[in-house]
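Engineer: Numbering (this note's numbering), first residue to last: 335 to 520.
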């Protein structure tokens, strides 16, 4: 094999490796562009909704059931509440996991169920035009690999309010990434 051929092979391998490494960053950038354009359909292409809903149900339900189980001694109805907690939580999670509510969360805004447009409220967005002009101005974002198939984007308000919200992306195929889980603030 000639030197030119070896050099071309090395360059090709470096390019593929660089592309392999950069794909989650490109996915996040694509999601940000979809948010800025308010394109819910494009944003939905980056989300694995069944996995996201399942992850949220698993993280929310144990907390609610644990709280109800701890109050069983004081309240005899708590046992019944623990039994129906999952039946109540599932529809709420299904209603909250929408492109609109994800857009709000990525801007550091906590969506509220029952409100139009995925839970946006004047209280959440500051009530002014400046909040919508630069949606990520008051938000600190960090991102990086947790392992080769998991990439995490952490969003936290700069004013220190609630804890950080983590968006967990999982690899889909060799170069694709989809939002598959959320880690809620404790």
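Beta carbons are placed, not taken as given, at the ideal position from N, Cα and C, and that holds for glycine.
Would residue 543 and residue 380 qualify as a contact pair, given that the criterion is a beta-carbon distance under 7 Å?
Structural biologist: With the chain running from 335 to 520 in the structure shown, residue 543 is simply not present.
Engineer: Got a sec? Which residues, its chain only, sit under 8 Å from residue 483 by beta carbon, not counting five neighbours each side?
Structural biologist: Here the set comprises 504, 505.
Engineer: Select from 343, 490, 427, 496 the residue whose C-alpha is nearest the C-alpha of residue 386.
Structural biologist: Comparing Cα-Cα distances from residue 386 to each of 343, 490, 427, 496, the minimum goes to 427.
Engineer: Which of helix, strand or coil does DSSP assign to residue 502?
Structural biologist: Residue 502 falls in the strand class under three-state DSSP.
Engineer: In terms of alpha-carbon separation, which member of 393, 432, 438, 443 lies closest to residue 423?
Structural biologist: Looking at the Cα atoms, 393 is the closest of the given residues.
Engineer: Taking only three categories from DSSP, how would you classify residue 521?
Structural biologist: In this structure the chain extends from 335 to 520, so residue 521 is not present and cannot be described.
Engineer: Can at least three beta-carbon pairs, one atom from the stretch 339–348 and one from the stretch 477–493, be found at a separation below 8 Å?
Structural biologist: No: fewer than three Cβ pairs fall under 8 Å.
Engineer: Since I believe residue 516 is in contact with residue 501 (beta carbons under 8 Å), could you give me their beta-carbon distance rounded to a whole number of angstroms?
Structural biologist: Right, their Cβ atoms sit about 6 Å apart.
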